[in-house]
Structures are given as C-alpha cells and as structure tokens.
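Colleague:
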Amino acid sequence: MATVIDIPSEKAIEVNNFSFTYAGASSPNLKNISMPIAKNAVTALIGPSGCGKTTLLRSFNRMHDLYPGNRYDGKIVFEGRNIVESKEDLINLRIKIGMIFQKPTAFPMSIFDNIAYGMRLQGLKNKTELADRVEKALRDAAIWDEVKERLRHDANGLSGGQQQRLCIARAIAVEPDVLLFDEPTSALDPISTRGIEKLVMELRDRVTIIIVTHNMQQAARVSDYTGFMYLGELIELNKTDEMFVTPAEKLTQEYISGKFG
Amino acid sequence: MTAIEKRLLVNKIVLGLSSLSALIGIGFLFWILYVLVANGIDAINWNIFVFEGAPPGYEESGLRQALIGQLLLVGVATVVGVPLGILAGTYLSEYGQKSKLAEIIRDISDIMMSAPSIVIGSFVYAIIVLPMGHFSGWAGVVALAIIMIPIILRTTDDMLQLVPSTLREAAFALGAPKYKVIMQVVYRGAKAGVLTGVLLGIARVSGETAPLLFTSFNDNFLNYDLNEPMASLTVTMFNYATSPYEEWQKMGWAAAFILSMFILSLNILGRLILLKKKGR
Ligand SMILES: Nc1ncnc2c1ncn2[C@@H]1O[C@H](COP(=O)(O)OP(=O)(O)OP(=O)(O)O)[C@@H](O)[C@H]1O
Ligand SMILES: [Mg+2]
C-alpha cells in the first residue's frame with residue numbers, strides 16, 4: 005500500500021516491519037514501518053501533528069527506554085544489528101546516534117563544559133586535545149566566533165538560536181554517525197533557522213541525518229529523501245524532489261497541497 | 152442603599168478587617184524582635200563567648216559550652232542528615248518517581264515533618280538514651296537528624312523534579328549513564344534549590360529544644376565528647392530563663408538573641424540564594 009522507493013546508495017539504517025507501542029496504549033502508535041535511511045544524506049520526516057514522527061525518531065536512539073512500559077516490535081537494523089532488541093548496549097548506541105531536541109537543552113554549566121561533556125564521558129582527559137576538539141565542534145556548528153571570548157561563561161546566557169547551535173556542536177563533538185533532529189528550528193527566528201538549515205546541509209557529507217519538521221519548505225530545502233507519515237504509518241518514502249512535485253500517493257499529494265494537517 | 156453601594160461597603164469592611172489582622176501579625180513579629188534585641192544586646196558581652204557556665208554571682212560566667220555544644224550537635228546532625236536526605240530525595244525524584252513505594256515514602260515523610268518534635272525526642276530517648284543508660288550528644292544528634300531528614304528529602308525531591316526532563320534526555324542522548332546524568336546535570340540544575348532546602352533544614356533544627364531535653368540534656372561545662380551529655384543554646388536558654396537569678400535570666404536573653412540571629416541569617420541566606428537563581 006505504502007510507496008517506499010529503494011535507495012541506490014549505501015544505507016545507514018534499515019527499518020523493517022517496525023511497530024511501537026507506548027505504555028498503556030491499546031494499539032500500536034507506530035504500525036509496521038519499513039524504510040531505508042540513506043547513509044550520509046538527509047532524510048526528512050513530515051506529517052500532521054500526532055502522526056508519530058517524534059515517536060519514530062526517538063526509537064532510533066532508544067530514548068523511549070527512559071520511561072517504563074514502552075514496547076518495540078520488528079527491526080531497526082544499524083551496523084548489522086537489530087538495535088531495538090533488549091540486549092543492545094544503549095550507551096554505545098547513543099554515542100553513535102546523537103540527537104538534537106526541539107527546544108535547546110544547554111546544560112547548566114559553561115559553554116566549554118557543555119561541548120566537552122560527551123567527550124569527557126568517553127574518557128577524553130587530555131586538556132589540549134579537548135580544547136582543540138571543542139573549538140572544532142564550535143566552528144563546525146558556526147558559533148565559534150560568537151562564543152570564543154566567553155567559553156567559560158554559563159551556556160544559559162546565550163540566545164535561543166545560539167543555544168541550539170551549541171547543542172548541535174555538543175552532539176557533533178563526539179563524531180556520531182547519525183544525527184536525529186526533532187523540529188530543531190520550531191522555537192527559533194528565521195535567521196537562526198537559516199543558520200541551522202545551512203549547518204544540516206554542510207553536515208550531510210559526513211553524517212547521516214534524520215530530521216523531523218513541520219515546515220514543508222524546510223524539508224524541501226534541506227533533505228534528499230522525505231518520508232510522509234500519517235496515523236502511525238509510513239505512507240510514502242521518496243526522493244524529496246519527486247515527493248514535492250509528483251508524489252506517488254494520493255494522501256501525500258493532499259497533505260503537501262495543504263488539504264489537511 | 153443601592154446594590155453597588157452595599158457592595159462597596161462590604162468591600163471596605165473586608166479590606167479593613169484583613170489589613171487589621173495583617174498588621175496585628177506583623178506587629179507581634181516586630182514586638183518579639185524588639186524585646187529580643189532590647190534585652191539580648193544588653194546581655195551580650197565578651198564574657199559570654201569565653202567562659203563556661205557558673206553559679207550565679209560569679210563574674211566569669213558565660214555560654215561557651217552552650218555555643219560550642221550547639222554547633223557540635225547541629226553540625227554533626229547536618230553531616231548525618233544532609234547526605235541521607237539528599238540521597239533519599241534523589242531516589243524519590245529520579246528512581247522511585249510515581250511508583251507506589253515512592254508515594255508512600257513521601258506521605259510518611261510529610262507525616263514526620265508535622266510530628267511534634269518532642270515525640271521524636273522521646274523516641275530517641277527510648278532507643279538510645281535508655282539502652283546506653285545516660286544522656287549523650289549522639290542521642291541529640293540522632294534526634295536532630297531525624298527532624299532534618301524529611302525536610303531535606305522533600306525539598307530535594309521537589310527541586311530535582313523541577314529540572315526539565317529534556318535536560319536529562321539530552322544527557323542520556325550523549326551516552327551518559329544514569330548516575331552521571333544525576334550527578335553532573337540534574338544536581339547542577341537544582342543546586343540553588345537543594346542548598347536552600349538544606350539551609351532551611353538546619354535553621355529548623357537549630358531552634359529545637361524539646362528533643363534535646365530528652366537526649367543530649369545539658370552540661371554546665373565545655374565538652375567535646377558526644378558520648379557525654381552536652382549543652383545546647385536552647386536547653387541552656389530554657390534553664391537560665393526559668394531560673395530565679397537575674398544574671399542567669401540575662402544570659403538566657405543573650406542565648407535567645409544569638410540563636411535567633413543565627414536562624415534568621417540562615418533563612419535570609421536561603422531566600423537570597425533562591426532569589427538570585429530566579430533573577431538569572
Ligand atoms: N509519552 C507518550 N505516551 C503515550 N502516548 C504518546 C506519548 N507521546 C506521544 N504519544 C502518542 O503517540 C502518537 C504519536 O505522537 P508523536 O509525538 O510521535 O507525534 P508527532 O508526529 O511527533 O507530532 P507533532 O508534530 O505534534 O510533534 C500520538 O497519538 C500521541 O498522542
Ligand atoms: Mg513531534
């Protein structure tokens with residue numbers, strides 16, 4: 005029923021008949037989703053509110069495990085393993101699959117310590133190497149010039165857009181293979197939004213990116229592939245260029261032309 | 152009289168009555184402070200800090216044993232009670248959450264907070280003083296710690312829960328194990344609130360008298376050994392104030408003044424920390 009195109013290039017993740025049920029829900033909130041995620045490319049997830057975009061995204065790094073009673077069924081294959089199996093090493097998984105949240109989540113510590121946090125977790129102690137990698141991450145996240153004079157200041161003194169780029173810097177500092185973005189610009193002004201979008205496009209050469217967005221122009225601008233979800237199902241996965249011009253499914257067509265949502 | 156006039160009149164009466172009762176309340180507070188300062192300042196002199204208790208009539212008589220005993224009792228109770236209270240609060244907020252066990256602990260701790268402190272004193276009397284056969288500083292420490300723990304436990308629980316869950320999630324998403332998320336992110340975010348809870352807990356036990364009467368009792372001489380009975384400002388104050396000798400009564404005022412200033416500063420400090428946190 006759903007149209008899911010095959011991806012010619014290498015795949016980073018393969019979702020296979022995946023279902024997810026929140027604790028206490030009477031029926032699955034995600035139903036039989038199958039889709040490939042292209043490696044070192046941007047895949048956008050779109051769909052009306054409540055269709056399950058966040059739920060799917062948070063399955064890739066097993067965020068749902070923080071709360072009791074949630075259930076995964078089926079497969080999400082990453083590096084040859086089904087990562088939703090209970091024996092998966094979550095710490096290792098989350099080092100490889102990073103996440104950027106909707107609202108900035110600067111830790112209550114200095115800018116430097118925020119960026120160094122993930123690297124320190126992995127046991128990096130060497131001061132010069134730490135400083136070098138903090139600088140590189142901040143440069144990559146296009147925020148170095150704004151914060152280089154005040155690395156020791158509290159990160160909560162930054163603006164919302166700066167904090168969001170700080171969070172991106174913090175996530176890329178540990179060099180993840182995959183980055184998950186959940187509506188990273190929905191709380192930001194247009195200029196900060198542009199900045200984040202530019203960043204996403206620069207990162208795509210070396211990181212696999214999955215981005216949830218409510219903004220279809222944003223999906224069209226930044227992504228290579230787009231998945232359209234509806235009521236917990238994946239309706240269509242297509243090349244972004246095709247999806248927004250000649251969608252394969254009638255439902256997709258109706259959604260992107262604004263008939264509902 | 153029209154309906155509107157009637158309403159305005161009722162409004163004026165209610166406003167008048169509530170202002171009056173607020174004034175009466177504040178009036179009493181300032182009256183207490185005034186009496187305390189007027190009598191206390193007068194009674195304070197250098198001797199109080201250098202000499203120990205002495206029979207009435209002696210020049211060289213002071214409160215040294217009570218000041219040091221008070222600091223020891225409250226200090227050791229803090230060392231015992233604060234870590235326990237914070238750890239228990241951490242369990243409630245980060246592990247127990249909404250579970251049945253956690254809710255039961257919260258209820259019990261609320262009940263303990265409103266239990267009369269004299270009951271806690273008699274409990275410690277039964278389980279420590281009687282078996283040991285004598286009063287001791289340790290018994291006082293245990294009584295004060297028991298009073299302190301539920302206060303710190305509940306503020307810690309509340310303050311940790313105020314830390315947004317997205318902050319925890321962000322730390323987990325970087326591959327942090329749970330204990331590091333708690334120690335490095337949650338505690339930092341709740342630092343000011345937890346510290347305020349600790350200060351208020353210390354302030355609360357500093358004014359306790361009843362539980363110490365049963366436990367650490369009193370001593371007229373300076374003593375650093377917690378295995379022995381130990382003087383405290385509150386019990387000393389009680390003894391001196393109710394004595395028939397004028398010098399002793401004066402010293403009771405001095406003790407009351409010092410104790411009140413100490414507790415007042417702790418309270419103000421706690422509030423300042425919270426204000427500074429909110430101001431940011
Ligand atoms: N913690 C939860 N417990 C139970 N049900 C949940 C929970 N979070 C989300 N749901 C339900 O799961 C479904 C999918 O929610 P999800 O948050 O993934 O939607 P979304 O596509 O991200 O929506 P939005 O665009 O509004 O962010 C919804 O029906 C929602 O009510
Ligand atoms: Mg969402």
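The listed protein sequences derive, respectively, from chains A and B.
In short: position in the first sequence from 1, add 4, done, that's this note's numbering.
In short: position in the second sequence from 1, add 151, done, that's this note's numbering.
Ideal Cβ placement from N, Cα and C applies to all residues, glycine included.
1) Around the C-beta of residue 262 (chain B), are 16 or more other C-beta atoms found within 10 angstroms, so that it is buried, or is it exposed?
2) Between the region 237 to 247 of chain B and the region 268 to 280 of chain B, can you find at least three pairs of beta-carbon atoms closer than 8 Å?
3) Starting from residue 40 (chain A), follow its DSSP beta bridges and name the residues at the other end.
4) Do you know how far the Cα of residue 228 (chain B) is from the Cα of residue 292 (chain B)?
5) Counting contacts by CB-CB distance shorter than 8 Å, is residue 340 (chain B) in contact with chain A?
6) Looking only at C-alpha atoms, which of B:286, B:359, B:305 sits nearest to residue 259 (chain B)?
7) Using the beta carbon as the reference atom, which residues fall closer than 5 Å to any heavy atom of ligand 1, ordered along the chain?
8) Counting only beta-carbon separations shorter than 8 Å, does residue 99 (chain A) have a partner in chain B?
9) Using only the alpha-carbon positions, how far apart do residue 180 (chain B) and residue 161 (chain B) sit?
10) Using DSSP bridges, identify the partner residues of residue 103 (chain A).
11) What residue from A:6, A:50, A:22, A:37 has the CA that sits closest to residue 231 (chain A)'s CA?
12) Between B:352, B:319, B:316, B:265, which lies nearest to residue 307 (chain B) when the distance is taken from Cα to Cα?
13) Quick check: is any heavy atom of ligand 2 less than 7 Å from the C-beta of residue 187 (chain A)?
14) Reducing DSSP to helix, strand and coil, say where residue 325 (chain B) ends up.
15) Taking contact to mean 3 or more Cβ pairs, one atom from each stretch, closer than 8 Å, check whether the region 62 to 82 of chain A and the region 238 to 250 of chain A are in contact.
16) Decide if the region 146 to 163 of chain A is in contact with the region 103 to 122 of chain A; the criterion is three or more beta carbon pairs, one per stretch, under 8 Å apart.
17) Taking 7 Å as the cut-off, is the C-beta of residue 216 (chain A) nearer than that to any heavy atom in ligand 2?
18) Give, in chain order, every residue of the region 99 to 124 of chain A whose Cβ lies closer than 7 Å to some Cβ of chain B.
19) Can you give the Cα-Cα distance for residue 359 (chain B) and residue 365 (chain B), rounded to whole angstroms?
20) Does DSSP classify residue 231 (chain A) as helix, strand or coil?
21) Rounded to whole angstroms, how far is the Cβ of residue 164 (chain A) from the Cβ of residue 191 (chain A), which I believe are closer than 8 Å?
22) Whose C-alpha, out of A:242, A:83, A:215, A:124, is nearest the C-alpha of residue 100 (chain A)?
23) Are the CB atoms of residue 18 (chain A) and residue 32 (chain A) nearer to each other than 8 Å?
24) Going along the chain, which residues of its own chain have a beta-carbon closer than 7 Å to the beta-carbon of residue 323 (chain B), five neighbours each way excluded?
25) Which residue wins for smallest C-alpha separation from residue 370 (chain B), given the options B:251, B:389, B:267, B:282?
26) When DSSP labels each residue in this structure, what does residue 482 (chain B) get in the three-state scheme?
27) Just curious, the alpha helix (DSSP H) that residue 181 (chain B) is in, first and last residue?
28) Tell me whether residue 66 (chain A) sits in a helix, a strand or coil according to DSSP, three-state version.
29) Considering only their Cβ atoms, is the gap separating residue 404 (chain B) from residue 190 (chain B) smaller than 8 Å?
30) Anything in the region 56 to 71 of chain A with a Cβ closer than 8 Å to a Cβ of chain B? List those residues in chain order, please.
31) Using 8 Å as the threshold, is the region 23 to 30 of chain A in touch with the region 202 to 213 of chain A, meaning 3 or more CB pairs across them?
32) Which residues in chain B have a C-beta closer than 9 Å to the C-beta of residue 260 (chain A)? List them in chain order.
33) Please confirm if residue 344 (chain B) has its CB atom under 8 Å from at least one CB of chain A.
34) Can you confirm whether the region 339 to 350 of chain B touches the region 84 to 100 of chain A when touching is taken to mean that 3 or more C-beta pairs between the two stretches lie within less than 8 Å?
35) What's the C-alpha gap between residue 202 (chain B) and residue 135 (chain A)?
36) Helix, strand or coil for residue 352 (chain B) per DSSP?
Modeller: A quick look at the data gives this:
1) exposed
2) no
3) A:18
4) 5 Å
5) yes
6) B:305
7) A:26, A:33, A:53, A:54, A:55, A:56, A:57, A:58, A:59
8) Judged by the 8 Å Cβ criterion, residue 99 (chain A) is in contact with chain B.
9) Each residue's Cα considered, the two are about 29 Å apart.
10) Residue 103 (chain A) pairs with A:184.
11) A:50
12) Nearest option by C-alpha distance: B:352.
13) yes
14) coil
15) no
16) yes
17) yes
18) 99, 102, 103, 105, 107, 109, 111, 112, 113, 121, 122
19) 12 Å
20) strand
21) 6 Å
22) A:83
23) no
24) For residue 323 (chain B), where only same-chain residues beyond five positions count, the Cβ hits under 7 Å are 332.
25) Closest option to residue 370 (chain B), Cα to Cα, is B:389.
26) It is not possible to answer for residue 482 (chain B), since the shown part of chain B is limited to 152 through 431.
27) For residue 181 (chain B), the enclosing alpha helix (DSSP H) covers residues 154 to 194.
28) Coil.
29) yes
30) 65, 67, 70
31) The answer is no - the region 202 to 213 of chain A does not touch the region 23 to 30 of chain A, with fewer than three Cβ pairs under 8 Å.
32) None at all; the shortest Cβ gap to chain B is about 30 Å.
33) no
34) Cβ pair count under 8 Å is below three, so no.
35) Spanning the two alpha carbons is a distance of roughly 57 Å.
36) helix
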